[in-house]
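Undergrad: Quick one: the structure is below, and I'll ask about it shortly.
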Amino acid sequence: MTEWFTETLHPWLAQRLRVDRVLYRDKTEHQDLIIFENERFGRVLTLDGVVQTTEGDEFVYHEMMAHVPIVAHGAARRVLVIGGGDGGMAREVLKHRAVERVTMVEIDRGVVDMSVEHLPSLSAGAFDDPRLDLVITDGARYVAETHERFDVIIVDSTDPIGPGEVLFTAEFYADCKRCLTEGGIVVTQNGVPAVQGSEVTNSWNRLGKSFADVWFYVAAIPTYQGGFMAMGWASDDPAKRRHDVAAIEARWAPLGIETRYYTPAIHRACFALPKFVLDLMR
């Protein structure tokens, strides 16, 4: 009998992925973790019944969460990744040779270990890079207590349920602001606006308490059901999200980074939002 994984994120909408082979199924210290193979999307990582990433389309999410803020900043040397236990975000950030240090704070060591074992293509050696400092602890506690400062903070969180809920609060965003250098940028995973509109509204209001310039940008990721995904953007320097394509290209081309989704034109265009998303920013 064919086994199917049915996502349980929404009570009124579901997606199913065929399970061709289960590689790992167990409960970590914090979450239920399943890794399985699917003919179309390759290896799939799920937590608490929700698809987190797949080999087939992870590049969209990781490229857009990493390259947009780093290129926009223009001089990022220290980057903080909160979450991202699969290693894909660290992989993309470390492609920037000018980045001197990446601190990755992940609450669940089990996600890191199982991803390295069963999804090695996502991290692609990132955990062996001497510039990466892996810290296993709660991300909200880390930003509340650390004395380190960062040019870019990438919040690669799960949805605002379970362990990820604290990473969507006004207090957390204020602590992120405290950890930034002048002109720093925070980007956040903000769900799919067509089916998770409250995440956009809540983040708009909560980020706005700490940052002068708050916006969102979007990318299309097939296995994040309901349409394109929104990423939150927060900085005190409005100019950093308003570079034209020529300026972005001038920064991007010398880097020599190979991508499958991100381009300077996509970078500029992704900040253009449809009316229904603008209406959520209230």
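Numbering-wise (full-length UniProt numbering), the sequence shown opens with residue 1 and increments by one. The beta carbon of each residue, even a glycine, is placed where N, CA and C say it ideally should be. In this text, all values refer to a predicted model and were calculated from it rather than measured experimentally.
1) Between which two residues does the beta strand (DSSP E) carrying Asp26 extend?
2) Tell me where the beta strand (DSSP E) around Arg77 begins and ends.
3) May I have the straight-line CA-CA distance separating Leu280 from Met1, to the nearest angstrom?
4) In chain order, what residues of the same chain lie with their CB nearer than 8 Å to the CB of Glu100, ignoring the 5 residues before and after it?
5) Hey, could you find the ends of the alpha helix (DSSP H) Arg141 is sitting in?
6) Span of the alpha helix (DSSP H) holding Trp215?
7) In the DSSP assignment, find the unbroken beta strand (DSSP E) run with Ala170 in it and report its ends.
8) Check whether the stretch 18-32 and the stretch 47-60 are in contact - that is, three or more C-beta pairs closer than 8 Å.
9) To which residues of the same chain is residue 283 closer than 6 Å at the C-beta, ignoring the five residues directly before and after it?
10) For Ala239 and chain D, any beta-carbon pair shorter than 7 Å?
11) Considering only their Cβ atoms, is the gap separating Val186 from Ala234 smaller than 7 Å?
12) Helix, strand or coil for Phe228, going by three-state DSSP, please let me know.
13) Residues bridged to Trp38 by DSSP?
14) May I have the straight-line CA-CA distance separating Ala14 from Glu7, to the nearest angstrom?
15) I think Ala174 touches Ser210, with their Cβ atoms under 8 Å apart; what is that distance to the nearest whole Å?
16) I need the straight-line Cα distance from Ala220 to Met231, nearest angstrom please.
17) Which value, in whole angstroms, describes the spacing of the CA atoms of Leu9 and Val245?
18) Only counting the same chain, and skipping five residues up and downstream in sequence, which positions put a Cβ closer than 6 Å to that of Glu3?
19) Relative to the alpha-carbon of Arg241, which residue among Val166, Val68 and Asp108 has its alpha-carbon at the smallest distance?
20) In chain order, what are the residue ranges of uninterrupted beta strand (DSSP E) at least 3 long that sit wholly in the stretch 47-103?
21) Mind checking which residues open and close the beta strand (DSSP E) that includes Asp151?
22) Once the 5 residues before and after Cys179 are set aside, which same chain residues still bring their CB inside 8 Å of it?
23) Excluding the five sequence neighbours on either side, which residues of its own chain have a C-beta within less than 6 Å of the C-beta of Asn205, listed in chain order?
24) Who are Glu3's beta bridge partners in DSSP?
25) Hey, Ala126 and Gly84: beta-carbon distance below 7 Å or not?
26) Could you compute how far the alpha carbon of Ile136 sits from the alpha carbon of Arg109?
TA: Quick look at the numbers:
1) Mapped onto the sequence shown, residue 26 falls at position 26. Here the beta strand (DSSP E) through Asp26 covers Arg21 to Lys27.
2) Counting from 1 along the sequence shown, the entry for residue 77 is found at position 77. Taken as a continuous stretch (DSSP letters only), Arg77 belongs to no beta strand (DSSP E), as it is neither H nor E.
3) As a position in the sequence shown, residue 280 is number 280, starting the count at 1. As a position in the sequence shown, residue 1 is number 1, starting the count at 1. Taking the straight line joining both Cα atoms gives about 43 Å.
4) Taking the first residue of the sequence shown as position 1, residue 100 is located at position 100. Contacts found: Arg77, Arg78 and Arg131.
5) One-based indexing of the sequence shown puts residue 141 at position 141. Taken as a continuous stretch (DSSP letters only), the alpha helix (DSSP H) holding Arg141 covers Gly139 to Glu145.
6) To locate residue 215, count along the sequence shown from 1; it is residue 215. Note, Trp215: premise wrong, no alpha helix (DSSP H); beta strand (DSSP E) at Asp213 to Ala219.
7) For the purposes of this step, residue 170 is taken as residue 170 along the sequence shown, with counting starting at 1. No beta strand (DSSP E) contains Ala170, which is instead part of the alpha helix (DSSP H) from Ala170 to Cys179.
8) yes
9) Look at the range of the chain in this structure, 1 to 282, and you will see that residue 283 is not part of it.
10) Structure shown: chain D not included; a single protein chain is present.
11) In the sequence shown, the residue the question calls residue 234 occupies position 234. In the sequence shown, the residue the question calls residue 186 occupies position 186. Yes, the Cβ-Cβ distance between Ala234 and Val186 is below 7 Å.
12) Along the sequence shown, one-based indexing puts residue 228 at 228. Note: Phe228 maps to coil in three-state DSSP.
13) Position 38 of the sequence shown, counted from the start, is the residue given in the question as residue 38. First, the amino acid is wrong: residue 38 is Asn here, not Trp. For Asn38, which the question treats as bridged, DSSP gives the partners Gly42.
14) Sequence index remark: in the sequence shown, residue 14 carries index 14 (1-based). Sequence index remark: in the sequence shown, residue 7 carries index 7 (1-based). Each residue's alpha carbon lies about 6 Å from the other.
15) Locating residue 174 in the sequence shown gives position 174, counting from the first residue. Locating residue 210 in the sequence shown gives position 210, counting from the first residue. So it is a contact: roughly 5 Å between Cβ atoms.
16) The residue you call residue 220 lines up with position 220 of the sequence shown. The residue you call residue 231 lines up with position 231 of the sequence shown. Roughly 11 Å between the two C-alpha positions.
17) On the sequence shown, position 9 is the one that residue 9 refers to. On the sequence shown, position 245 is the one that residue 245 refers to. Roughly 36 Å between the two C-alpha positions.
18) As a first step, residue 3 must be located in the sequence shown, where it is residue number 3. Around Glu3: Val19.
19) For the purposes of this step, residue 241 is taken as residue 241 along the sequence shown, with counting starting at 1. When only C-alpha atoms are compared, the closest one is Val68.
20) 50-54 and 78-83
21) Against the sequence shown, residue 151 aligns to sequence position 151. Segment Phe150 to Asp156, the beta strand (DSSP E) holding Asp151.
22) To locate residue 179, count along the sequence shown from 1; it is residue 179. Taken in chain order, the residues that qualify are Leu80, Val143, Thr146, Glu148, Arg149, Phe150 and Ile153.
23) As a working note, residue 205 is residue 205 in the sequence shown. Nothing listed; no residue qualifies.
24) For this step, residue 3 is matched to residue 3 along the sequence shown. Note: Glu3 sits in a beta bridge opposite Val19.
25) Position 126 of the sequence shown, counted from the start, is the residue given in the question as residue 126. Position 84 of the sequence shown, counted from the start, is the residue given in the question as residue 84. No, the pair does not count as a contact, with Cβ atoms beyond the cut-off.
26) Counting from 1 along the sequence shown, the entry for residue 136 is found at position 136. Counting from 1 along the sequence shown, the entry for residue 109 is found at position 109. Whole-angstrom Cα-Cα distance: 6 Å.
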